[in-house]
Amino acid sequence: MSININRYKCGYCGACVGVCPKGALELVETWIEVDESMCIQCGICDRICPVGAIEVMK
Amino acid sequence: MKDMYDVLVIGAGPGGSIAAKTAAEKGLDVLLIEKRQEIGDPVRCAEGVNKEYLKKHIEIDNSWICADLKGSRIFSPNGTKIEMAQEISGGEVGYVLERKIFDRALAEHAAKAGAEVRVKTRATGLIIEDDFVKGARLMHLGKEYEVRAKIVIGADGVESKVGRWAGIDTALKPVDIETCAQYLISGVDIDQEYCEFYIGSELAPGGYIWIFPKGEGKANVGVGLLGSKTGKFKPRPIDYLNRFMEKNFPNASIVEMVFGGVPVSGSIEKTSTNGLMLVGDAARQSDPITGGGILNAMDAGKLAGEAAYEAISAEDVSFGKLEEVYEKRWRETTGYAIDMSLIVKNCFINLGDEDLDALAYSLKEVKFERMRLFDLLQALFKANKKLLWDLRILFKDAAKEVVKNRT
Numbered sequence: 793m794s795i796n797i798n799r800y801k802c803g804y805c806g807a808c809v810g811v812c813p814k815g816a817l818e819l820v821e822t823w824i825e826v827d828e829s830m831c832i833q834c835g836i837c838d839r840i841c842p843v844g845a846i847e848v849m850k
Numbered sequence: 008m009k010d011m012y013d014v015l016v017i018g019a020g021p022g023g024s025i026a027a028k029t030a031a032e033k034g035l036d037v038l039l040i041e042k043r044q045e046i047g048d049p050v051r052c053a054e055g056v057n058k059e060y061l062k063k064h065i066e067i068d069n070s071w072i073c074a075d076l077k078g079s080r081i082f083s084p085n086g087t088k089i090e091m092a093q094e095i096s097g098g099e100v101g102y103v104l105e106r107k108i109f110d111r112a113l114a115e116h117a118a119k120a121g122a123e124v125r126v127k128t129r130a131t132g133l134i135i136e137d138d139f140v141k142g143a144r145l146m147h148l149g150k151e152y153e154v155r156a157k158i159v160i161g162a163d164g165v166e167s168k169v170g171r172w173a174g175i176d177t178a179l180k181p182v183d184i185e186t187c188a189q190y191l192i193s194g195v196d197i198d199q200e201y202c203e204f205y206i207g208s209e210l211a212p213g214g215y216i217w218i219f220p221k222g223e224g225k226a227n228v229g230v231g232l233l234g235s236k237t238g239k240f241k242p243r244p245i246d247y248l249n250r251f252m253e254k255n256f257p258n259a260s261i262v263e264m265v266f267g268g269v270p271v272s273g274s275i276e277k278t279s280t281n282g283l284m285l286v287g288d289a290a291r292q293s294d295p296i297t298g299g300g301i302l303n304a305m306d307a308g309k310l311a312g313e314a315a316y317e318a319i320s321a322e323d324v325s326f327g328k329l330e331e332v333y334e335k336r337w338r339e340t341t342g343y344a345i346d347m348s349l350i351v352k353n354c355f356i357n358l359g360d361e362d363l364d365a366l367a368y369s370l371k372e373v374k375f376e377r378m379r380l381f382d383l384l385q386a387l388f389k390a391n392k393k394l395l396w397d398l399r400i401l402f403k404d405a406a407k408e409v410v411k412n413r414t
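Here it is, written out as C-alpha cells:
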C-alpha cells in the first residue's frame with residue numbers, strides 16, 4: 793500500500809480528488825476510493841487534506 | 008428504465024440543477040443525477056451569497072434563508088477593522104443560505120420543469136465514440152448501466168472527474184485550491200447582520216477565517232488555507248479552526264462539521280469538448296478571492312442549459328459549436344471576473360501581515376457602499392498611492408480598469 797486513507801478521519805469533501813493529477817481518487821458518497829495502479833505517490837492529496845486523513849508513503 | 012435523453016446532467020448542486028431546469032424548460036428531455044442519496048448533503052460550503060444577484064435566478068424563499076446581512080467586516084492581522092455597509096436600498100451584500108434546503112429546492116425546480124432526477128446514482132465513466140461524448144455509465148445501488156445523451160453536462164463539483172474522463176485537464180495544483188474546514192456552531196452571541204473575515208498569516212495563511220451568521224445564536228465559522236501554504240508536516244485547516252474556536256468561542260457547541268476544497272485557479276483553458284460542457288466548481292468557475300461559487304455555477308448552469316438547446320436544435324454538439332454557444336459566453340462574464348480576482352489574489356497572497364495592516368489602515372475611514380472589488384481598488388488608489396505603486400505590476404488589468412472607470 794503506497795497510499796493510506798483513514799476513513800475514520802476523512803470528511804469526504806473530495807478536495808483530494810480535485811487535486812489528484814492522475815485521477816486516481818474517487819469520492820463515493822462517504823468514502824474515498826483509490827486506483828492504486830494510477831497513483832504516482834506525488835503526495836499532493838496528503839498535502840491539501842483539511843483533516844490529514846491521507847498518508848502517502850514514498 | 009429509460010436510457011436515452013437529450014441531456015444528461017451529472018451532479019445536482021446549484022449549477023447542475025439550474026442547467027437541468029433550463030434545458031427542460033426549453034423542451035429537452037433531461038436526466039439529472041446525484042451520486043449522494045440526499046441532495047444538498049453533506050454541505051461543503053460557507054453558504055454566503057449575493058442577495059441581488061441571487062434574485063436574478065430564483066424567487067427568494069425564506070425556508071432556505073438563514074440570515075439577511077447588512078454588511079461585512081474585515082479584520083487585518085493587528086485587528087484593524089474595515090467595515091463595508093450596504094446601502095439601505097442596494098442589497099449588494101448577502102444572504103446566508105441553508106444549502107441542504109436550497110439545493111433540494113433547485114433540484115425540485117428542475118424536476119418541476121420536466122427533468123428526471125435520480126439520486127444515489129453515480130457516474131463511473133463516459134461513453135465516448137468517434138471522439139464525441141455520447142453518455143455515461145452510471146451506478147445505482149451497486150448496479151451499473153448506461154445512459155446515452157446528445158449532450159452531457161458535468162456539474163460534479165470540486166472532484167471534476169467528468170471533465171477528466173473526457174480529456175480536459177481539471178486537476179488543481181496546490182496553489183489553485185483553498186482547503187477548508189468549518190463548524191456550524193450554536194449557543195453563541197453573534198451579530199446576525201454582519202459577516203466577518205479575519206486575515207493574516209497566523210490565522211489563515213493564503214486564505215481567511217470567516218464567520219457567517221446562520222440565524223439565532225448560530226454561525227458558520229470556517230477557515231480556508233491556500234493549498235500551497237499547507238503541507239504534510241504543517242497545521243491543517245482543522246488545526247487553525249480549533250485554535251480560532253478556543254480563543255473566540257470556547258463555549259460554543261459544534262453541531263456540524265464541514266470540509267471542502269474550493270477551486271481558486273481562475274479560468275481554465277477548456278470547459279467543453281465534443282458533446283460535453285462543464286459548469287460550476289467542476290469548471291473551476293468559483294471566485295479566486297472570495298471562494299464564492301454558487302452564483303457563478305448558477306450563471307454557468309443557465310448558459311449551459313441554453314447552449315444545450317441551441318446546439319441540439321442545430322444538430323451540432325461539436326466543440327466548435329459549444330465553444331460558440333457556451334464557452335465564449337461564460338468567459339465574457341464570469342470568466343473575466345474570476346481572472347480579475349485571480350490577479351488580485353496573487354497579489355494578496357504575497358503580502359505580509361504588515362502590508363495587510365497598512366492596507367487596512369488606509370481603508371479604515373473609507374465608507375464602502377457596495378462590496379465591489381473595483382470600489383475597493385478605487386479607494387486604495389485614493390487612500391494610499393504609495394502602496395498601489397508598490398503593487399502596480401500585480402494589479403495590471405485591474406488597475407487599468409479602475410483608471411478607466413474613474414469619475
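Order-wise, the sequence lines are chains E and B. All residue numbers for the first sequence refer to this note's numbering, where the first residue is 793 and numbers rise by one. All residue numbers for the second sequence refer to this note's numbering, where the first residue is 8 and numbers rise by one. Don't be surprised by glycine CBs; every beta carbon is placed ideally from N, CA and C. Quick caveat, the model's predicted, so the values are computed rather than measured.
8 angstroms contact criterion, which residue i and residue j should meet: CB distance rounded
| i | j | result |
| --- | --- | --- |
| glycine 268/B | proline 295/B | Actually they are not in contact, since the Cβ atoms of glycine 268/B and proline 295/B sit about 14 angstroms apart, beyond 8 angstroms. |
| lysine 371/B | glutamate 200/B | Incorrect: roughly 20 angstroms between the Cβ atoms, too far for contact. |
| valine 159/B | arginine 43/B | At roughly 19 angstroms, the Cβ-Cβ gap does not stay under 8 angstroms, so valine 159/B and arginine 43/B are not in contact. |
| glycine 810/E | glutamate 166/B | 6 angstroms |
| asparagine 129/B | cysteine 805/E | Per the sequence presented here, residue 129/B reads as arginine, with asparagine not at that position. That belief does not hold up - the Cβ atoms of arginine 129/B and cysteine 805/E are roughly 16 angstroms apart, past 8 angstroms. |
| glycine 844/E | arginine 243/B | 5 angstroms |
| glycine 207/B | aspartate 360/B | 5 angstroms |
| threonine 186/B | alanine 807/E | 6 angstroms |
| glycine 101/B | cysteine 202/B | 7 angstroms |
| leucine 210/B | glycine 229/B | With 8 angstroms as the limit, leucine 210/B and glycine 229/B do not qualify as a contact, their Cβ atoms being about 12 angstroms apart. |
| tyrosine 333/B | alanine 311/B | 6 angstroms |
| glycine 164/B | alanine 289/B | 6 angstroms |
| valine 169/B | leucine 38/B | In fact, because the Cβ distance is near 14 angstroms, the residues do not count as touching under 8 angstroms. |
One or two residues paired with residue i in a DSSP bridge
| i | result |
| --- | --- |
| proline 220/B | Ala226/B |
| phenylalanine 355/B | Paired residues: none, contrary to the question. |
| aspartate 75/B | Tyr102/B |
Best match in the options for proximity to residue i [C-alpha to C-alpha]
| i | options | result |
| --- | --- | --- |
| glutamine 292/B | Leu349/B, Lys241/B and Gly327/B | Leu349/B |
| asparagine 303/B | Val271/B, Gly207/B and Gly282/B | Val271/B |
| phenylalanine 139/B | Asn258/B, Lys157/B and Ala122/B | Lys157/B |
| alanine 53/B | Ala211/B, Thr237/B, Leu104/B and Ala118/B | Leu104/B |
| glycine 23/B | Glu263/B, Lys309/B, Gly327/B and Thr177/B | Lys309/B |
| threonine 297/B | Gly231/B, Asn249/B, Phe256/B and Lys277/B | Gly231/B |
| arginine 171/B | Ala211/B, Glu123/B and Thr278/B | Thr278/B |
| leucine 148/B | Ile795/E, Met849/E and Glu821/E | Glu821/E |
| asparagine 353/B | Val265/B, Ser235/B, Ser260/B and Gly194/B | Ser235/B |
| aspartate 198/B | Asn357/B, Ala74/B and Phe326/B | Ala74/B |
| phenylalanine 256/B | Glu330/B, Thr237/B and Gly224/B | Gly224/B |
| alanine 117/B | Val16/B, Lys241/B, Met91/B and Lys150/B | Val16/B |
| cysteine 831/E | Glu847/E, Pro842/E and Trp823/E | Glu847/E |
Residue i Cβ short of 7 angstroms to the ligand SAM heavy atom set
| i | result |
| --- | --- |
| leucine 366/B | The ligand SAM is not part of this structure, which contains no ligands at all. |
Legend entry - Segment contact flag, the stretch 30–49 of chain B with the stretch 105–121 of chain B, C-beta cutoff 8 angstroms, min 3 pairs: Short answer: they touch.
Inset, instruction - Taking a Cβ distance cut-off of 9 angstroms, strictly less, list which residues of the stretch 828–850 of chain E are near chain B, in chain order. - result: Answer in chain order: Gly835, Ile836, Asp838, Arg839, Ile840, Cys841, Pro842, Val843, Gly844, Glu847 and Val848.
Legend entry - Near-chain E residues of the stretch 246–267 of chain B - C-beta to any C-beta below 8 angstroms: Going along the stretch 246–267 of chain B in chain order, one finds Met264, Val265, Phe266 and Gly267 with a Cβ nearer than 8 angstroms to chain E.
Inset, instruction - Name, going along the chain, the residues of the stretch 167–182 of chain B whose beta-carbon falls closer than 9 angstroms to a beta-carbon of chain E. - result: Answer set for the stretch 167–182 of chain B: Ser167, Lys168, Arg171, Trp172, Asp176, Thr177, Ala178, Leu179, Lys180 and Pro181.
Inset, instruction - May I ask you to list, following chain order, the residues of the stretch 805–827 of chain E that have a beta carbon less than 9 angstroms from some beta carbon of chain B? - result: Cys805, Gly806, Ala807, Cys808, Val809, Gly810, Val811, Cys812, Pro813, Lys814, Gly815, Leu817, Glu818, Leu819, Val820, Glu821 and Thr822
Legend entry - At least three beta-carbon pairs within less than 8 angstroms, the stretch 336–346 of chain B to the stretch 53–70 of chain B: no
Inset, instruction - Scan the stretch 19–32 of chain B for residues whose Cβ lies nearer than 9 angstroms to a Cβ of chain E and list them as they occur along the chain. - result: none
Inset, instruction - Mind the definition here: the stretch 182–199 of chain B touches the stretch 303–318 of chain B only if three or more C-beta pairs lie below 8 angstroms; say whether that holds. - result: no
Legend entry - Cβ pair count under 8 angstroms reaching 3, the stretch 133–146 of chain B against the stretch 274–285 of chain B: Taking 8 angstroms as the limit for Cβ pairs, the verdict is that the stretch 274–285 of chain B does touch the stretch 133–146 of chain B.
Legend entry - Given 8 angstroms, three or more beta-carbon pairs between the stretch 69–86 of chain B and the stretch 209–225 of chain B: yes
Legend entry - Stretch pair the stretch 13–32 of chain B + the stretch 142–158 of chain B: three plus CB contacts closer than 8 angstroms: yes
Inset, instruction - Would you list, in chain order, the members of the stretch 201–218 of chain B that have their beta-carbon closer than 8 angstroms to a beta-carbon of chain E? - result: none
Inset, instruction - Compile a chain-ordered list of the residues in the stretch 131–165 of chain B whose CB is closer than 8 angstroms to at least one CB of chain E. - result: Only those residues of the stretch 131–165 of chain B whose C-beta falls short of 8 angstroms from the nearest C-beta of chain E are listed: Gly164 and Val165.
Legend entry - Within 7 angstroms of chain E by C-beta, residues of the stretch 183–199 of chain B in sequence order: Ile184, Thr186, Cys187 and Ala188
Inset, instruction - Can you give me, in chain order, the residues of the stretch 227–246 of chain B that have a beta carbon less than 7 angstroms from any beta carbon in chain E? - result: Residues of the stretch 227–246 of chain B that bring their beta carbon within less than 7 angstroms of a beta carbon in chain E comprise Gly234, Thr237, Gly238, Lys239, Arg243, Pro244 and Ile245, in sequence order.
Inset, instruction - Check each residue of the stretch 32–62 of chain B: if its Cβ is closer than 9 angstroms to any Cβ of chain E, include it; give the result in chain order. - result: Lys42, Arg43, Gln44, Pro49 and Arg51
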